[in-house]
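Numbering (this note's numbering), first residue to last: 53 to 521.
These notes concern the structure reproduced below.
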């Protein structure tokens, strides 16, 4: 039976993120906000991710999960359906699988007939497919607008098929707005060159993104003009099409109590004195980075809670004994915890004893810190995180970035100590604390945040010619 998604005045949207939870999570957050406004959402995800996605989605009669079947691809382990289960090398094969799923996606879209399909960076073929089916396509960028403006706009590669040099990537593209972002370090530019590499004969990340942004009906950005006005205007001038803004998509307050053992430990310390440090579930620090970070936290003299993650099949205690300096755990046993694995991050950041968050500058993590009176110290590890850190430290002045060596990104324990002291000490940290309070008020203003979603729904209904009464 054909399901006609356009049969009434209910806005029907398909959400289709890439198979990585760093991408799936922002799509889930958006779905949860849209469902409050009565929008019908069909959420596309690999069948192996469906249960986890279901646990993240708010239960709403208008929201449903559409499980997708991943084709067999040589080298892709059976049952591996998100980057969380793969190494960076094998994760590239998920794009190969995705490209082979076009007939499956076309069949689902032609049956569902939504008004819009919101897609991610990897599905560069989707705008053309959607257009043929009479469906509008929206490229949902889960990255800050600075990332799109600096890395993936047409001005970045004026001559098609030319790969920029390392020196090119250290500078912004032509006509870039005058902001605090005037250049990046050599090691950051080196990391950015990844987007121009082709794997398994497929398009580069840059080509996928450009094709998606040029082909879509509209662009949706997970940001707002208060944070990124100049970059949003630059993206509009580069792509000459509607740019909708969903705002920073502030996460809902955490539910459930903090685990007793962590709550009891944090309760021992003074208000705002504990440093919490975590780098996301899919970021693994090098031996040197772990050692210098741990020693730097020790040298602050403050209590700390450090979360370190390691690849699957690694014995964590053996690894920590190997990497951490001799006698470290004994020296910090009264005021330091090193943990591996999942923790209730939002509840920890909300605890009154926690006053500083040392993190990888994932933008959702930064937002979580700002709404919880935590001062932010950023140690970005890859890609858009480098630009997030520049936005937060340079433009927003709401945190500091750890100082690192230009050529290779090396940092020492003193760099960690100095960055923490800059935000935690009374005088140097005054500006950051004032700005953090300002951004907290903005982010927790329910009227402002709700209006982003209301305006988005209104604009999409208008574009789909649905009554907005």
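All C-beta atoms in this analysis are idealised placements derived from N, C-alpha and C, irrespective of residue type, glycine included.
Quick caveat, the model's predicted, so the values are computed rather than measured.
Contacting residues, own chain, Cβ-Cβ under 8 Å from residue i (five flanking each side not counted)
i, result
"residue 53", "Caution is warranted here: a pLDDT of 29 is assigned to residue 53, below 50, making its placement in the model unreliable, and no coordinate value can be reported."
"residue 55", "For residue 55, the predicted structure reports a pLDDT of 40, less than 50, and the residue's modelled location is therefore unreliable. A value from the coordinates is still provided. Contacts found: 163, 164, 165."
C-beta contact flag for residue i and residue j at 8 Å
i, j, result
"residue 263", "residue 176", "yes"
"residue 323", "residue 417", "no"
"residue 197", "residue 189", "no"
"residue 68", "residue 83", "no"
"residue 328", "residue 272", "no"
"residue 465", "residue 344", "yes"
Rounded separation between residue i and residue j - CA only
i, j, result
"residue 166", "residue 92", "9 Å"
"residue 313", "residue 386", "14 Å"
"residue 282", "residue 371", "45 Å"
"residue 476", "residue 156", "53 Å"
"residue 304", "residue 498", "11 Å"
"residue 462", "residue 355", "24 Å"
"residue 347", "residue 373", "14 Å"
"residue 415", "residue 195", "8 Å"
"residue 339", "residue 105", "33 Å"
"residue 292", "residue 208", "16 Å"
"residue 246", "residue 99", "29 Å"
"residue 73", "residue 311", "24 Å"
"residue 170", "residue 359", "34 Å"
"residue 429", "residue 455", "10 Å"
Cutoff 6 Å; reference residue i; Cβ partners in own chain excluding five residues on either side
i, result
"residue 125", "145, 148, 149"
"residue 331", "412"
"residue 57", "Residue placement at residue 57 cannot be trusted, given a pLDDT of 45 that sits under 50; the coordinates are not used to answer."
Extent of the continuous beta strand (DSSP E) to which residue i belongs
i, result
"residue 411", "406-411"
"residue 451", "451-453"
"residue 67", "64-68"
"residue 512", "That residue, residue 512, is in no beta strand (DSSP E); its alpha helix (DSSP H) goes 498-515."
"residue 357", "356-359"
"residue 96", "92-98"
"residue 427", "427-430"
"residue 328", "326-330"
Limits of the alpha helix (DSSP H) - the one that residue i falls within
i, result
"residue 115", "Segment 115-120 is the beta strand (DSSP E) holding residue 115; no alpha helix (DSSP H) there."
"residue 375", "368-375"
"residue 258", "257-267"
"residue 315", "312-318"
"residue 193", "Run containing residue 193: none in the alpha helix (DSSP H); it sits in the beta strand (DSSP E), 188-193."
Which listed residue (the options) has its alpha carbon closest to that of residue i
i, options, result
"residue 489", "427, 463, 480, 401", "427"
"residue 308", "168, 151, 470, 402", "402"
"residue 361", "341, 334, 350, 384", "334"
"residue 112", "87, 337, 130, 134", "87"
"residue 89", "506, 513, 517", "506"
"residue 276", "286, 485, 300", "300"
"residue 341", "230, 450, 254, 468", "468"
"residue 119", "97, 513, 107", "97"
Cβ neighbours of residue i in the same chain (closer than 7 Å, five flanking residues each side left out)
i, result
"residue 260", "173, 174, 176"
"residue 132", "138"
"residue 481", "427, 474, 475"
"residue 242", "218"
"residue 249", "256"
"residue 121", "99, 156"
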